[in-house]
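Here the sequence shown is numbered in our numbering, starting from 59 and rising by one per residue.
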Amino acid sequence: MKRLLLILAAICITSQASAGLLPKFKFGVKAGLDYQTNDFKNDLKNFDIKANAGWFAGIQGDLSWGNIGIHPEVIYSHNAFDIDGVEIDGATFKLNKLDIPVLLQYKLLGLINLQAGPTFCVMTNASGASEGAKWSIDRPTIGYAAGVEVEIWKIGISARYNGSFKGSEVLGLEVDKNKVNTFQLGVGFYF
């Protein structure tokens, strides 16, 4: 009987000790405002792309060990830009992309999450047209993201800046380099 009690006590102590090592996981949805700026560079500098606001929506996860965690997301965003210039007045450029950030997270005061890390971007539809000419961005990019999320109950309110390390080539337009930078304000809900 004593041996059985000792075995049960050892199992309880071991399970309690390992419970602190196991991560907590939660997932949810997220949506919000996506303000994008483009840094299009070319030798002629004969056009101007206006920054514009769009929207984003996606899913998010949270894997945490105490105050430290990993925050992955899959975010779809949509935006359209007006382009003015010598040869392309009145043109529009549509940018739909899929961002996959994998962020390291540090929790402060139990409700503020500081987040930073790499983000992988795949252009699902990045194209435009003017006077019969068409162009597109079709190369995936790698960038970085940094931001903060305030989490109250199951609701998270976030602000994040996403930047590009390297630009994408724009096919059909005389652009040497394109960097898409975004500022996102979002609201999420964790299940």
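The C-beta atom is built at its ideal place from N, Cα and C for all residues, glycine as well. This structure is a prediction, so every number in the text was calculated from the model and none was measured.
Tell me whether the beta-carbon of residue i lies closer than 8 Å to the beta-carbon of residue j.
i       : j       : result
Phe-151 : Ser-135 : no
Pro-81  : Leu-121 : yes
Thr-182 : Lys-155 : yes
Tyr-248 : Gly-124 : no
Val-208 : Leu-153 : no
Ile-210 : Leu-161 : no
Gly-205 : Gly-221 : no
Gly-119 : Asp-92  : no
Leu-46  : Ala-203 : There is no way to answer for residue 46, as the model of the chain reaches only from 59 to 249.
Phe-139 : Asn-110 : yes
So, for residue i: in the same chain, excluding its five sequence neighbours on each side, which residues have a beta-carbon less than 6 Å away from its beta-carbon?
i       : result
Gln-163 : Gly-127, His-129, Asn-171, Gln-173
Gly-89  : Before going further, note that residue 89 is Ala rather than Gly in the sequence given. Counting only Cβ-Cβ distances below 6 Å, and skipping sequence neighbours, we find Ala-115.
Val-180 : Leu-156, Pro-198
Lys-165 : Asn-125, Asn-171
Ile-133 : Phe-114, Gly-116, Asp-157
Gly-214 : Glu-207, Gly-246
Gly-175 : Val-160, Leu-161, Leu-162
Phe-223 : Ile-200, Gly-201
Ile-65  : none
Please list, in chain order, all residues of the same chain as residue i whose beta carbon is under 7 Å from its beta carbon, the five residues on each side excluded.
i       : result
Thr-240 : Asp-92, Tyr-93, Gln-94, Asn-220
Lys-212 : Phe-247, Tyr-248
Asn-137 : Asp-92, Gln-94, Asn-110, Gly-112, Leu-153
Leu-79  : none
If you run the structure through DSSP and keep just helix, strand and coil, what is residue i?
i       : result
Phe-247 : strand
Quick check for students: name the residue ranges of the beta strand (DSSP E) that lie wholly in the stretch 121-184, counting only runs of 3 or more. 126-143, 149-166
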